[in-house]
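Taken in order, these protein sequences are the chains called U and W.
Be aware that the first sequence starts at 126, since it is given in this note's numbering, and climbs by one per residue.
Be aware that the second sequence starts at 126, since it is given in this note's numbering, and climbs by one per residue.
Virtual Cβ for every residue (Gly too), placed ideally from N, Cα, C.
This structure is a prediction, so every number in the text was calculated from the model and none was measured.
Number of protein chains: 2
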Amino acid sequence: MQTDKVNIAIVDDHTLFRQGLAHLLTESNEINVLFDADNGADMIRKLPTYPLPDVILMDITMPIMNGYETTKWLKANYPEINVLALSMFEEDKPIIGMLKSGAGGYMLKQSKAADLVSAIKGISAQSFYINELVSGKLLRNIQNNQPVKNAPIGLSPNELKFLELCCSDLTYKQIADMMNLSPHTIDNYREALFQKFEVKSRTGLVISALKNELIKI
Amino acid sequence: MQTDKVNIAIVDDHTLFRQGLAHLLTESNEINVLFDADNGADMIRKLPTYPLPDVILMDITMPIMNGYETTKWLKANYPEINVLALSMFEEDKPIIGMLKSGAGGYMLKQSKAADLVSAIKGISAQSFYINELVSGKLLRNIQNNQPVKNAPIGLSPNELKFLELCCSDLTYKQIADMMNLSPHTIDNYREALFQKFEVKSRTGLVISALKNELIKI
DNA sequence: ATAGTATAGGGTGAAAACAGCTTTTTTTAC
DNA sequence: GTAAAAAAAGCTGTTTTCACCCTATACTAT
């Protein structure tokens, strides 16, 4: 029955979670964990050294290469591999963002193991797995006819750098110095990000960026 | 050899992590996972229905009843149970805080499984497990002779409530309204927390509170 | 009784953050 | 080479945050 098992890989930066999940899924006898990786770059390195997985479980916030980038890379280079996003948060933007990046499903880390196994089997058979979490977002997105509202947030490299520096006790003036930019330019970044995240304060921005898995503390 | 195994319980609010970890540790053949729980209150409810564990793996930030409270409760009611704290962050204050609450060790979720098994066995045999992470903090704490510096942060119920409301797009004025307090009283809370966390801005406060595992977003 | 302590509320000035709009410089594309 | 677009910088004014100093009340420990 080995061939009937779904072959998967796990990409997540928390070793205990990654390995624990691997054991948990292996025990289900329906899933075979080929390998696991610390982040996207690690996955790309390991991918050629194993049989091609049917499904890759993908964390979003990771050092070096995050889930969005890694999923896009997979869709460009291995479109036959299905990606199932795994996240702590159920915000609109990361869900829509991971789906747009090419993920076929989105599960919460608060899920039960049986549900995750169902999702993996579903996505392996049908290339997608739409649970209530995802279908709800998609439906509301269509019904409210807000094509931009829940769009994933695209940031320039400088905006992302700024966002990371925002998660600190630094003033904007200090951030400007650190980025070798005028405080006025920092003002532009701030205003752009406030609009993108629909917030009105730096604190709101930071919380929102964390929930949208764009930064990691 | 069943009786030679270390009996443990796992308290953590992320189901997949908790169950994954349980399977991972069970496979080591040196550890027996008696039960797991969602948070401190859930653990208290389940504790009488199982044999007493030797060690409890304890997450810190959890809904309803967090790791600090739960560890204190355990030390008061079941002092013979050893607590091993499990956290994502290596800040001074949660480490000192969990040790002061009664934990016998502190491990990161980024650890390798083998190291966690060692820690569990160590704490079971000796009632404590001091790794480099913990010993370093303790040593620096002594050497620098800063009895207060790294002290865990104690908050009044109102301060905690304020801290949670701080993690948002709300202004202090709005927070004051929501807490039915004068903005001046909110000012007092803010100043007290800025001192306790050694920060100078609301953003710094929020990041610090997250890293110290006092709040959860 | 009263000194100590924790909590709530008050006022003011300065610094930082926020908002909006304009201009210059640099990149990019045709 | 030049037009369009994007990034960086400037200007002005308002709001919020931050810092510091103060008073009042209520609880509590000796």
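C-alpha gap between residue i and residue j, whole angstroms
i, j, result
"Leu330 of chain U", "Val180 of chain U", "33 Å"
"Asn164 of chain U", "His139 of chain U", "10 Å"
"Leu199 of chain W", "Leu141 of chain W", "24 Å"
"Ile248 of chain W", "Leu258 of chain U", "41 Å"
"Met303 of chain W", "Ile311 of chain W", "11 Å"
"Ile340 of chain W", "Glu289 of chain W", "7 Å"
"Thr195 of chain U", "Pro204 of chain U", "12 Å"
"Val136 of chain W", "Lys298 of chain U", "43 Å"
"Ser236 of chain W", "Asp129 of chain U", "33 Å"
"Phe253 of chain W", "Leu335 of chain U", "34 Å"
"Ala244 of chain W", "Glu316 of chain W", "39 Å"
"Leu172 of chain W", "Ile169 of chain U", "44 Å"
"Ala134 of chain W", "Thr151 of chain W", "11 Å"
"Leu285 of chain W", "Leu306 of chain W", "14 Å"
"Lys325 of chain U", "Ser293 of chain U", "17 Å"
"Val147 of chain U", "Lys234 of chain W", "The residue asked about is misnamed: residue 147 of chain U is Ala in this sequence, not Val. Approximately 15 Å, taken between the alpha carbons."
"Ile185 of chain W", "Leu263 of chain U", "34 Å"
"Asn256 of chain W", "Ile221 of chain W", "13 Å"
According to DSSP, residues forming a beta bridge with residue i
i, result
"Met183 of chain W", "W:Val136, W:Ala210"
"Asp161 of chain W", "W:Ile135"
"Met232 of chain U", "U:Leu211"
"Thr156 of chain U", "As written in the sequence, residue 156 of chain U is Ile, which differs from the Thr given in the question. According to DSSP, which records beta bridges pairwise, Ile156 of chain U is partnered with U:Val131."
8 Å contact criterion, which residue i and residue j should meet: CB distance rounded
i, j, result
"Thr328 of chain U", "Arg327 of chain W", "5 Å"
"Met223 of chain W", "Tyr175 of chain W", "In fact, because the Cβ distance is near 23 Å, the residues do not count as touching under 8 Å."
"Asn154 of chain U", "Asn132 of chain U", "The pair is not a contact, with the Cβ atoms about 14 Å apart (cut-off 8 Å)."
"Met232 of chain U", "Ala210 of chain U", "7 Å"
"Ile342 of chain W", "Ile332 of chain U", "6 Å"
"Glu215 of chain U", "Asn337 of chain U", "Contact doesn't hold; Cβ gap of about 11 Å is too wide."
"Leu182 of chain U", "Ala238 of chain U", "The Cβ separation is near 12 Å, so there is no contact."
Best match in the options for proximity to residue i [C-alpha to C-alpha]
i, options, result
"Phe322 of chain U", "U:Leu182, U:Pro219, U:Ala201", "U:Pro219"
"Asp240 of chain W", "U:Gln144, U:Tyr203, U:Ala317, U:Pro173", "U:Gln144"
"Gln251 of chain W", "W:Ala134, W:Lys298, W:Asn207, W:Pro188", "W:Asn207"
"Ala201 of chain U", "U:Ala228, U:Asn313, U:Ala162", "U:Ala228"
"Pro282 of chain U", "U:Leu318, U:Ser293, U:Pro308, U:Lys262", "U:Leu318"
"Ser226 of chain U", "U:Gly279, U:Leu146, U:Pro178, U:Glu316", "U:Gly279"
"Pro178 of chain W", "W:Thr186, W:Phe287, W:Phe160", "W:Phe160"
"Cys291 of chain U", "U:Asp167, U:Tyr314, U:His309", "U:Tyr314"
"Ser260 of chain U", "U:Phe287, U:Gly230, U:Lys246", "U:Gly230"
"Pro308 of chain W", "W:Phe287, W:Met187, W:Thr186", "W:Phe287"
Which of helix, strand or coil DSSP assigns to residue i
i, result
"Tyr314 of chain U", "helix"
"Ile189 of chain U", "coil"
"Leu339 of chain U", "coil"
"Ile300 of chain W", "helix"
"Leu146 of chain W", "helix"
"Lys325 of chain U", "coil"
"Cys291 of chain U", "helix"
"Gly343 of chain W", "Because chain W is modelled from 126 through 342, residue 343 of chain W falls outside the range shown and cannot be assessed."
"Val273 of chain W", "Its pLDDT being 46, under 50, Val273 of chain W is placed unreliably by the model, and the measurement read from it follows with that caveat. Val273 of chain W: coil per DSSP, three-state reduction."
"Lys237 of chain U", "coil"
"Pro176 of chain W", "coil"
"Leu199 of chain W", "helix"
"Leu306 of chain W", "coil"
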